[in-house]
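Asks: Before I ask anything, let me first share the structure, which is written out below as structure tokens.
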Amino acid sequence: MNQLPSPTKTCPLCDAELPQDAVTCDYCPFDFSGKEINSDLPPQPSTATVKESDQ
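Shown next, in the form of structure tokens:
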């Protein structure tokens, strides 16, 4: 343990190894934004912005 590699984190969705400052996963649609900032709140889907009841 004389030279540590650059810090990485693991994607909880596809288990891929990503840079520590990665915002999105390179191998799956997972998005880290909002998860680490508001870990108490459930992630809000960015695609479901239109209510089906409005139609």
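Numbering (full-length UniProt numbering), first residue to last: 1 to 55. Just so it is clear, CB atoms sit at the ideal spot from N, CA and C, and this is done for glycine as well.
(1) Determine the extent of the beta strand (DSSP E) in which L18 is found, giving its start and end residues.
(2) Got a sec, what are the start and stop residues for the beta strand (DSSP E) T8 sits in?
(3) Helix, strand or coil, according to DSSP, for C14 in the structure here?
(4) Please classify D26: does DSSP put it in a helix, a strand, or coil?
(5) Quick one: is C14 buried, meaning 16 or more other Cβ sit within 10 Å of its Cβ, or exposed?
Replies: Here's the rundown:
(1) 17-19
(2) 8-10
(3) coil
(4) coil
(5) So C14 ends up on the exposed side.
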